[in-house]
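All remarks here apply to the structure that follows.
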Amino acid sequence: MRPLLHCAVLLLAALPCPAPAQELAALRPLAVVEEPMLRLGDLFEGAGARAGQPIGAAPAPGRRLVLEAPQLFALARAHGLIWRPLSAHERVVVERPGRAVPRDEIEAMLRAELLRLGLDPEAELDLGTLPPPMVPPTAALQLAIEAASFDPTSNRFAAILVVMAEGMPTARLRLAGRALATQPVVLATRRLALGEVIGPGDLRLVRLRAERVRPGAAQHPGEVVGRQLRRPMAGDMPFMAADLAAPSLVEKNALVTMLLEAPGLSLSAQGRALEAAPRGGLVPVMNLASRSIVEGQVIGPNRVRVAMGATPISR
């Protein structure tokens with residue numbers, strides 16, 4: 385080998401290999417994260433060994449964060465990524481899944497605390513438009529009530545709800561509102577037609593705010609079961625006493641047995657009821673034999689008692 389060529393080979397062998405070209409990074413337009421910490425790889429594809437680098441707190445559970453082009457460019461430069469925005473409209477939306485704390489769980493815990501302070505057990509708690517706190521979807525949840533207060537005169541209450549779950553800092557939310565008096569109300573479970581006799585399965589007993597209960601609304605199932613409707617009803621509507629009547633034992637135009645009774649004498653005849661009537665009610669009946677109309681008292685299903693010598697009714 386020539387001396388100069390030999391020296392060149394030795395020189396090249398002693399030099400370090402050139403570093404491979406760094407891969408260009410690309411944006412992830414939508415990043416869904418489940419951890420409390422936001423990392424570089426959540427925002428950029430091709431971050432390589434830097435993907436696990438923490439860059440800040442992730443959004444709270446159930447919330448989102450929007451990073452615009454200038455913020456993203458600054459992050460890329462700060463962490464040595466090869467990326468620059470192609471337009472000012474580039475951005476990344478970071479979402480963190482969450483589940484809402486059920487409102488009934490919050491109310492149950494608050495109610496238990498307020499009962500110790502004199503709350504009426506049947507009162508309804510009005511918390512207004514309470515935004516439900518959010519926690520990580522799979523995290524175990526713990527709730528607590530602090531600093532509860534209740535004024536029986538104004539029925540106003542206040543408390544601090546403490547929300548604890550893994551993967552998020554402890555949150556404290558102020559609760560405030562009023563305790564509202566309630567009354568029992570009987571509601572229809574289905575649509576009911578005129579003349580239907582109400583059965584146990586046609587109703588349910590609920591408690592509503594007293595201010596929403598109309599005067600005359602039935603408040604006990606015993607006031608409704610076995611009664612007959614005087615008008616049609618929609619489902620989930622309250623039964624009103626004025627709309628209920630004893631069930632008819634005689635229907636209009638039904639054939640009835642007319643019993644004519646007197647001391648030592650009992651006769652029967654066929655008639656036609658001209659109106660509907662319940663037990664004990666008075667109903668005009670046409671004697672089918674004589675075509676005369678008399679008034680009788682309903683004593684059973686399609687049975688009417690007529691007094692001997694009753695004066696015919698002109699119609």
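For the sequence shown, our numbering begins at 385 and goes up steadily by one. All residues carry an ideal CB built from backbone N, CA and C; glycine is no exception.
Top-ranked residue by Cα proximity to residue i, from the options
i    : options                : result
I544 : I490, L658, M617       : I490
R412 : R434, R495, R475       : R475
L587 : V597, E607, R448       : E607
P637 : N686, R487, V581, S674 : Residue 637 is actually Asn in this sequence, not Pro. Comparing Cα-Cα distances from N637 to each of N686, R487, V581, S674, the minimum goes to N686.
L589 : A602, I582, E595       : A602
G446 : P521, M692, N671       : P521
R615 : L628, V609, S650       : L628
R556 : G648, G482, Q526       : Q526
S471 : L459, E452, L408, G482 : E452
M552 : A523, F541, R540       : A523
R593 : A694, E506, D488       : E506
A767 : G482, I466, Q455       : Since the displayed the chain opens at 385 and closes at 699, residue 767 lies outside it and no answer follows.
Other residues of its chain near residue i: CB distance less than 8 Å, five sequence neighbours each side excluded
i    : result
V669 : V640, M642, G655, R656, A657, L658, I677, V678, E679, G680, V688, V690
G684 : L633, R663
P605 : V570, P584, L587, L589
L649 : M692
Cutoff 7 Å; reference residue i; Cβ partners in own chain excluding five residues on either side
i    : result
V417 : D426, A442, V478, R480
H463 : L424, R434, Q437
G579 : Q612, L613
G512 : G561
R468 : F457
S538 : none
Burial state of residue i, where buried means 16 or more other Cβ atoms lie within 10 Å
i    : result
L613 : buried
D535 : exposed
S632 : buried
A531 : exposed
I697 : exposed
M421 : exposed
A661 : buried
D620 : exposed
L666 : exposed
A563 : buried
V450 : exposed
P622 : buried
G583 : exposed
A460 : buried
L414 : exposed
Residues that DSSP places opposite residue i in a beta bridge
i    : result
S721 : No answer is possible for residue 721: it lies beyond the span of the chain, which begins at 385 and ends at 699.
A742 : Shown here, the chain extends from 385 to 699; a query on residue 742 therefore has no answer.
T566 : R593
L633 : For L633, which the question treats as bridged, DSSP gives no partner whatsoever.
E679 : P668
D510 : R562
V609 : V609 pairs with nothing; no bridge assigned.
A374 : Since the first residue of the chain shown is 385 and the last is 699, residue 374 is not available in this structure.
Cβ-based neighbour list, residue i, same chain, cut-off 6 Å, excluding 5 preceding and 5 following
i    : result
G485 : The identity of residue 485 in the sequence shown is Val, whereas the question assumes Gly. So the qualifying residues of the chain are P516, P517.
A350 : Limits of the chain in this structure are 385 at one end and 699 at the other, which puts residue 350 out of reach.
G440 : L422
R591 : T566, P568
A542 : S533, A560
M493 : L527, I529
V581 : Q612, P631
*Only counting runs of 3 or more residues, tell me where the beta strand (DSSP E) segments fall wholly within the segment 457–496, in order along the chain.*
475–479
*Every unbroken beta strand (DSSP E) within the segment 641–676, with a cutoff of 3 residues, ordered by chain*: 649–657, 666–671
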